[in-house]
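Visitor: Counting from 7, one number per residue, gives the positions in the sequence shown under my numbering.
Yeah, the Cβ is synthetic: ideal placement off N, Cα and C, and Gly gets one too.
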Amino acid sequence: MNPKPSYLGAFLKHPNNRVALLACGVAAIFASIPFGWTGLALVGVVALGSEVLAALAIPGLPSFRASVDRAQHQQARAQRRIQLLAELSNYGDTSAMATYQHMYGRVQALYQAVGDSRTTLTRQDVEKLEDLTVDYLGLCAVNLSLRQRKDHASEDVVVKRIASIQAQLQNPALPEDEVRQLRSALAEYTEVMNRSRRLAVRRSALEATLISMPDKMEEVYQLVITSPYSTDMGGKLEESLSRLRIAEEVAAEFGTSEPFALDTPQMAGAASAAPANMAAQQAARTLKAKA
Numbered sequence: 007m008n009p010k011p012s013y014l015g016a017f018l019k020h021p022n023n024r025v026a027l028l029a030c031g032v033a034a035i036f037a038s039i040p041f042g043w044t045g046l047a048l049v050g051v052v053a054l055g056s057e058v059l060a061a062l063a064i065p066g067l068p069s070f071r072a073s074v075d076r077a078q079h080q081q082a083r084a085q086r087r088i089q090l091l092a093e094l095s096n097y098g099d100t101s102a103m104a105t106y107q108h109m110y111g112r113v114q115a116l117y118q119a120v121g122d123s124r125t126t127l128t129r130q131d132v133e134k135l136e137d138l139t140v141d142y143l144g145l146c147a148v149n150l151s152l153r154q155r156k157d158h159a160s161e162d163v164v165v166k167r168i169a170s171i172q173a174q175l176q177n178p179a180l181p182e183d184e185v186r187q188l189r190s191a192l193a194e195y196t197e198v199m200n201r202s203r204r205l206a207v208r209r210s211a212l213e214a215t216l217i218s219m220p221d222k223m224e225e226v227y228q229l230v231i232t233s234p235y236s237t238d239m240g241g242k243l244e245e246s247l248s249r250l251r252i253a254e255e256v257a258a259e260f261g262t263s264e265p266f267a268l269d270t271p272q273m274a275g276a277a278s279a280a281p282a283n284m285a286a287q288q289a290a291r292t293l294k295a296k297a
């Protein structure tokens, strides 16, 4: 979650405030010509008092805060887009990149449609759709990480190792310490199997979501183009966003303890899975904020 912005800092750095301070400086210079230091000091006191009063009032205005929040959200979205595009580029998934570019083009066209005062589509609606395109990139990254995990963790290998451990446990001459370690390993492998099945179900749902998202975007786009004054746009938008909430389940699955690594020590397996965890949890945090 992004930290709360400093509204006072945003006011002090606002271009309008800087222009006002510059204008006061120019006025002080002109006032000093006929009145000297007295005119300069008078204008300076008035400017300082006005700045203090404005700093006490303007940062608390709801409209100003909404503007600052929107600017911060847009900046965070742009940074996340760059990060996810770089990640997908490393994966070499050209199909997801092409789909994203198509969706992004539709969003830019909808921004232009907002300029028509007769349409019920608002800029806030289109910004939600732009958020959807970035979330699409995040879900693609999660899907690719799940695919890599599936390739790494062979279910057949786990089954064979479970059978091997069970066979060793049949030996009554095993020391108690070895029995305890084998049972612990058996529990780990059993959890791997259970998690693998759960992830398979979630991955199927995630893949279906990735297929439906561009279609829902296209539905909204066609609705605006063919019926620009329709009143059903809000419902269409909410339906599109609801398709993304499967990411919360994926992130919840990643948020629990990592599965027992098959070909590497457990600590190494956890380290290699960290980027996937971060991508899934970031997608979930974004979607929960919209819910």
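Express the C-alpha separation of Ala77 and Ala29 in angstroms, rounding to a whole number.
Guide: Taking the straight line from one Cα to the other gives about 26 Å.
Visitor: With 16 as the cutoff for other CB atoms within 10 Å, does Leu62 come out buried or exposed?
Guide: Classification of Leu62: exposed, given that the 10 Å Cβ count is below 16.
Visitor: Could you say if the segment 104 to 118 and the segment 221 to 236 meet the contact criterion of at least three C-beta pairs nearer than 8 Å?
Guide: Touching, yes, given that three or more Cβ pairs across the two stretches are closer than 8 Å.
Visitor: Does the segment 50 to 65 come into contact with the segment 21 to 39, if we say contact requires no fewer than three beta-carbon pairs (one atom in each stretch) closer than 8 Å?
Guide: With the cut-off at 8 Å, the segment 50 to 65 and the segment 21 to 39 touch.
Visitor: Residues in the same chain with beta-carbon distance under 8 Å from Arg83, minus the five sequence neighbours each way, listed in chain order, please.
Guide: The answer, listed in chain order, is Glu136, Asp137, Val140.
Visitor: CB-CB under 6 Å to Arg209, same chain, minus the five flanking residues each way: which ones, in chain order?
Guide: Hits under 6 Å: Leu152.
Visitor: Taking the C-alpha atoms as reference points, what is the distance between His20 and Met199?
Guide: Cα-Cα distance, rounded: 56 Å.
Visitor: Could you give the distance in angstroms between the alpha-carbon of Ser190 and the alpha-carbon of Leu205?
Guide: Answer to the nearest angstrom: the Cα atoms are 22 Å apart.
Visitor: Going by other Cβ atoms of all chains shown within 10 Å of its Cβ, with 16 needed for buried, is Val230 buried or exposed?
Guide: Buried: at least 16 other Cβ atoms inside 10 Å.
Visitor: Count the CB pairs spanning the segment 94 to 108 and the segment 159 to 178 that are closer than 8 Å, and state whether there are at least three.
Guide: No, the segment 94 to 108 is not in contact with the segment 159 to 178.
Visitor: Could you tell me the boundaries of the alpha helix (DSSP H) in which Gly15 lies?
Guide: That run of the alpha helix (DSSP H) goes 13 to 19.
Visitor: Just checking my contact of Tyr195 with Ile168 at CB under 8 Å: how many whole Å lie between their CB atoms?
Guide: The Cβ separation is near 5 Å, so the contact holds.
Visitor: Given a threshold of 16 other Cβ atoms within 10 Å of its Cβ, counted over all protein chains shown, does Gly42 qualify as buried or as exposed?
Guide: Exposed, since its Cβ has fewer than 16 Cβ neighbours within 10 Å.
Visitor: State the Cα-Cα distance for the pair Glu197 and Lys166, rounded to the nearest angstrom.
Guide: Straight-line Cα distance between these residues: approximately 15 Å.
Visitor: Rank Leu180, Glu93, Gln172 by C-alpha distance to the C-alpha of Leu192 and give the top, closest one.
Guide: When only C-alpha atoms are compared, the closest one is Gln172.
Visitor: By the 10 Å Cβ neighbour count, where 16 or more other Cβ atoms means buried, how is Thr44 classified, buried or exposed?
Guide: Looking at its Cβ environment, which holds fewer than 16 other Cβ atoms inside 10 Å, Thr44 is exposed.
Visitor: May I have the straight-line CA-CA distance separating Gly121 from Met219, to the nearest angstrom?
Guide: Cα to Cα, Gly121 sits roughly 25 Å from Met219.
Visitor: Which class does Arg124 belong to by DSSP, given the choice of helix, strand or coil?
Guide: In the structure shown, Arg124 sits in coil (DSSP, three-state: anything other than H, G, I, E or B).
Visitor: Three-state secondary structure (DSSP) at Leu48?
Guide: Leu48 falls in the helix class under three-state DSSP.
Visitor: Any chance you could list the alpha helix (DSSP H) runs of at least 4 consecutive residues sitting entirely within the segment 28 to 95, in chain order?
Guide: Counting only runs of 4 or more, we get 43 to 63.
Visitor: Label Asp99 either buried or exposed according to how many other C-beta atoms from any shown protein chain fall within 10 Å of its C-beta, with 16 as the threshold for buried.
Guide: It counts as buried.
Visitor: Could you check what DSSP says for Gln172 in three-state terms: helix, strand or coil?
Guide: Of the three classes helix, strand and coil, the one that applies to Gln172 here is helix, per DSSP.
Visitor: Can you tell me whether Leu67 is buried or exposed? The criterion is at least 16 other CB atoms within 10 Å of its CB, across all chains shown.
Guide: Label assigned to Leu67: exposed.
Visitor: DSSP three-state call for Asn23: helix, strand or coil?
Guide: If DSSP states are grouped into helix, strand and coil, Asn23 belongs with the helices.
Visitor: Kindly indicate which residue of Val148, Gly15, Ala33 has the alpha-carbon position closest to the one of Ala60.
Guide: When each option's Cα is compared against that of Ala60, the closest is Gly15.
Visitor: Whole angstroms is fine: what's the gap from Val132's alpha carbon to Tyr117's?
Guide: When rounded, the distance between both Cα atoms is 6 Å.
Visitor: Taking only three categories from DSSP, how would you classify Pro220?
Guide: Helix.
Visitor: When the Cα of Phe70 is compared with those of Leu48, Glu93, Ser12, Ile39, which residue comes out closest?
Guide: Out of Leu48, Glu93, Ser12, Ile39, Ser12 has the C-alpha closest to the C-alpha of Phe70.
Visitor: Rounded to whole angstroms, how far is the Cβ of Asn149 from the Cβ of Leu90, which I believe are closer than 8 Å?
Guide: Between Leu90 and Asn149 the Cβ distance is about 12 Å, and since that is not below 8 Å, they are no contact.
Visitor: Just how far apart, CA to CA, sit Ala47 and Ala33?
Guide: Each residue's alpha carbon lies about 11 Å from the other.
Visitor: Quick one: grab the DSSP three-state call for Ser233.
Guide: Coil.
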